[in-house]
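Visitor: Residue numbers (our numbering): 904 to 1113.
Glycine residues also receive a C-beta, built at the ideal position from the N, C-alpha and C atoms.
Sharing a structure with you now.
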């Protein structure tokens, strides 16, 4: 019995030794894990600084890309010519792909909804003409049809006054010539064939002065 008890005690001692060895191994593992966490915690500020630097660099690149995009959009917008009015292109000076100098005229546009007649009346015919009076306009391109309009304005000077080479009577050789004054006549909107009128057509206006 004493031998059996001694053997049992030996087995228990061996089991306790194994358990203790396992506990020592687990403790060493936790200690190593704690050391790793401590090292990681010590390097965290450096990693944070690196991350912040990377963020600032990426943010700067984003701002730079946005600025480049804005500049590209502006340059693209400058390649388009937008007409200030709705109308017809009557003259084109440039061709597709041609380089154009700054300030050079490219297109001549006749407004579609702003059509008028400039009638050069003799100064002796304007005694009773006033802005707002009704006008009937006959256009040679539309025989038998007249357009209605009204007097919009009467020029402040004769046609010769603003000519490139106005007459010079300083020598004393004066010959009286009846002068002509431009009268602007606009068409009433909504008329038939009004959109078919073109710049330079011949017209005969009749102003109702009564």
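#1: Can you name, in chain order, every residue of its own chain whose Cβ lies under 6 Å from the Cβ of residue 1018, other than the five neighbours on each side?
#2: Whole angstroms is fine: what's the gap from residue 988's alpha carbon to residue 1055's?
#3: Can you find the residues in the same chain that come closer than 7 Å, C-beta to C-beta, to residue 1035, ignoring five residues on each side of it along the sequence?
#4: Looking at the secondary structure, which residues open and close the beta strand (DSSP E) in which residue 1008 lies?
#5: In angstroms with no decimal places, state the Cα-to-Cα distance between residue 1030 and residue 1112.
#6: If you run the structure through DSSP and keep just helix, strand and coil, what is residue 1002?
#7: For residue 1011, I'd like the list of residues in its chain whose CB is within less than 6 Å of its CB, leaving aside the five on either flank, ordered along the chain.
#8: Determine the contact status of residue 1088 and residue 1040, defining contact as a CB-CB distance below 8 Å.
#9: Quick check: what's the CA-CA separation for residue 1109 versus residue 1003?
#10: Go through its chain and collect everything with a Cβ distance to residue 980's Cβ below 7 Å, but skip five positions before and after it.
#11: Can residue 1094 and residue 1050 be called in contact, C-beta distance under 8 Å?
#12: Hey, could you find the ends of the beta strand (DSSP E) residue 1052 is sitting in?
#13: Could you tell me the distance, in whole angstroms, from the CA atom of residue 1016 to the CA atom of residue 1097?
#14: From the DSSP secondary-structure annotation, give me the bridge partner or partners of residue 994.
#15: From 1092, 1062, 1045 and 1063, pick the residue whose C-alpha is nearest to that of residue 1107; which is it?
#16: Could you give the residue range of the beta strand (DSSP E) that holds residue 1173?
#17: What's the gap between the Cα of residue 918 and the Cα of residue 924?
#18: Which residue from 1083, 1063 and 982 puts its Cα closest to that of residue 1026?
#19: Relative to the C-alpha of residue 1020, which candidate in 1042, 965 and 975 has its C-alpha closest?
Guide: In this structure, then:
#1: The count along the chain shown starts at 1 and reaches residue 1018 at position 115. Excluding positions up to five away in sequence, the list reads 1090 and 1100.
#2: Against the chain shown, residue 988 aligns to sequence position 85. Against the chain shown, residue 1055 aligns to sequence position 152. Each residue's Cα considered, the two are about 20 Å apart.
#3: Counted from its first residue, the chain shown places residue 1035 at position 132. Contacts found: 1053 and 1054.
#4: On the chain shown, residue 1008 is found 105 positions in, with the first residue counted as 1. Note, residue 1008: premise wrong, no beta strand (DSSP E); not H, not E.
#5: Stepping through the chain shown from its first residue, residue 1030 is reached at position 127. Stepping through the chain shown from its first residue, residue 1112 is reached at position 209. Distance between the alpha carbons of residue 1030 and residue 1112: 9 Å.
#6: Along the chain shown, one-based indexing puts residue 1002 at 99. In the structure shown, residue 1002 sits in coil (DSSP, three-state: anything other than H, G, I, E or B).
#7: Locating residue 1011 in the chain shown gives position 108, where the first residue counts as 1. These residues qualify, in order along the chain: 993 and 994.
#8: By 1-based counting over the chain shown, the position of residue 1088 is 185. By 1-based counting over the chain shown, the position of residue 1040 is 137. Yes.
#9: Start at 1 with the first residue of the chain shown, and residue 1109 comes out as number 206. Start at 1 with the first residue of the chain shown, and residue 1003 comes out as number 100. Each residue's Cα considered, the two are about 44 Å apart.
#10: Numbered from 1 along the chain shown, position 77 holds the residue referred to as residue 980. There are no such residues.
#11: Translated into positions along the chain shown, residue 1094 becomes position 191. Translated into positions along the chain shown, residue 1050 becomes position 147. Yes, the Cβ-Cβ distance between residue 1094 and residue 1050 is below 8 Å.
#12: Position 149 of the chain shown, counted from the start, is the residue given in the question as residue 1052. 1049 to 1057 is the extent of the beta strand (DSSP E) around residue 1052.
#13: What you label residue 1016 is simply residue 113 of the chain shown in a count that begins at 1. What you label residue 1097 is simply residue 194 of the chain shown in a count that begins at 1. Cα to Cα, the separation comes out at about 9 Å.
#14: To locate residue 994, count along the chain shown from 1; it is residue 91. DSSP lists 1011 as partners of residue 994.
#15: Locating residue 1107 in the chain shown gives position 204, counting from the first residue. If we check each option's Cα against that of residue 1107, 1045 comes out closest.
#16: Outside the modelled stretch of the chain, which goes from 904 to 1113, sits residue 1173, for which no answer is possible.
#17: Position 15 of the chain shown, counting from 1, holds the residue named residue 918. Position 21 of the chain shown, counting from 1, holds the residue named residue 924. Roughly 10 Å between the two C-alpha positions.
#18: On the chain shown, position 123 is the one that residue 1026 refers to. The residue with the shortest Cα to Cα distance from residue 1026 is 1083.
#19: In the chain shown, residue 1020 corresponds to position 117, counting from 1. Among 1042, 965 and 975, the Cα nearest to that of residue 1020 is on 1042.
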